[in-house]
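The sequence shown: position 126 = 126 (the UniProt record's numbering), numbered continuously.
Don't be surprised by glycine CBs; every beta carbon is placed ideally from N, CA and C.
In what follows, a structure is listed as structure tokens, so that the remarks can point back to it.
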Amino acid sequence: MKEQKNEPRWLTVMKVTMPLMLSYLPIGIAAGILLHSGGFAIWMIVLLSVLVFSGGAQFMIASMLMTATPVWTITIMLFFLELRYALLGTSLSKYLRDQPQHFILRFSASMNDENYAVNYLKFSTDKNWSADDALKVEYFSLAAWTLGNVVGGILGSAVTIDLPIVHFALTAMFLYMVTMQIKKRILFFPVIVSGVLSVWLVVAFQSTLGLILATVTAATAGYLAEMAIKKHNHQSAILSKVKGPKNTHEQLGRLQRAKEQKGSAE
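So this is what it looks like as structure tokens:
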């Protein structure tokens, strides 16, 4: 996007962020309605939107509170759900090395998957993109998300959500998140282990503690399995197939480009 002459920088950044802001509004409204159904007042919805700023986390909080899940269980689940931001943040750290600590704290607090993607793309392709621009992207997207949640909270008084729908929404959300993360065959292993262990441990303990134990156990088992396969897959064709391609999307892209080159040559 070309910057017009004499256009304020904040307006240029807002134009870059606008598609993200518009996409946040309907999702934020849905989250606000669900939070209102879970007993959240408007001020609580605003506070949660600003402090958490994560669609998946806020949907999970509302759904688990409506099903009387203990707060400590929700907290631990949130920790594992949001742990990925530690990895996302490291890939942006090289662009923020000269920034003071208070800037890093503000930037980290308002980063999520979508504005990270926007900023990473701009840092990689636009030499004029600055750390201040990146922070503006986060604040603009945060404002749109909070607005959507507030509108949803206001509309929530006129909308009634049945508890079975909440269960379905939470299950569907996590199935989607799991599906989007599977890029290698080996990742099916921790998914299956966590699913089986979750059911077994929740029944055994009669508590949501089983979810925490299943999550930690499956993640550890998946890590150990991947390390073992990396160490021995060059000696075994079977293990190499179990591990799967390094990146399915990249492989499909290479196949598509090869097909196009073959077609143009003919």
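Residue i, enclosing alpha helix (DSSP H) - first and last residue
i	result
LEU147	131-155
SER23	9-37
LEU101	In the sequence as displayed, the identity of residue 101 is Gln instead of Leu. Unbroken alpha helix (DSSP H) run through GLN101: 101-109.
THR73	71-82
Through-space distance from residue j to residue i, alpha-carbon basis
i	j	result
ASP126	TYR95	12 angstroms
LYS136	ALA204	48 angstroms
HIS102	ALA109	11 angstroms
THR90	THR17	22 angstroms
LEU184	GLY222	Looking at the sequence provided, one finds Lys at residue 184 rather than Leu. So the alpha carbons of these two residues sit roughly 12 angstroms apart.
ILE74	ALA62	10 angstroms
PRO100	VAL199	46 angstroms
ALA134	THR179	29 angstroms
SER49	LYS231	43 angstroms
C-beta contact flag for residue i and residue j at 8 angstroms
i	j	result
LEU142	TYR116	no
PHE59	LEU83	no
LEU187	ALA214	no
residue 267	TYR139	Any answer about residue 267 is impossible in this case: the structure gives the chain only from 1 up to 266.
LEU147	LEU25	yes
MET66	GLY38	yes
MET14	ALA144	no
PRO190	ALA228	no
GLY153	PHE40	yes
ILE212	ILE76	yes
LEU92	ASN119	yes
Cβ separation of residue i and residue j, assumed to be a contact under 8 angstroms, to the nearest whole Å
i	j	result
ILE45	GLY56	The pair is not a contact, with the Cβ atoms about 16 angstroms apart (cut-off 8 angstroms).
GLY156	HIS36	3 angstroms
VAL151	ILE42	In fact, because the Cβ distance is near 10 angstroms, the residues do not count as touching under 8 angstroms.
Test: residue i CB closer than 8 angstroms to a CB of chain D
i	result
ILE186	No chain D is present in this structure, which holds just one protein chain.
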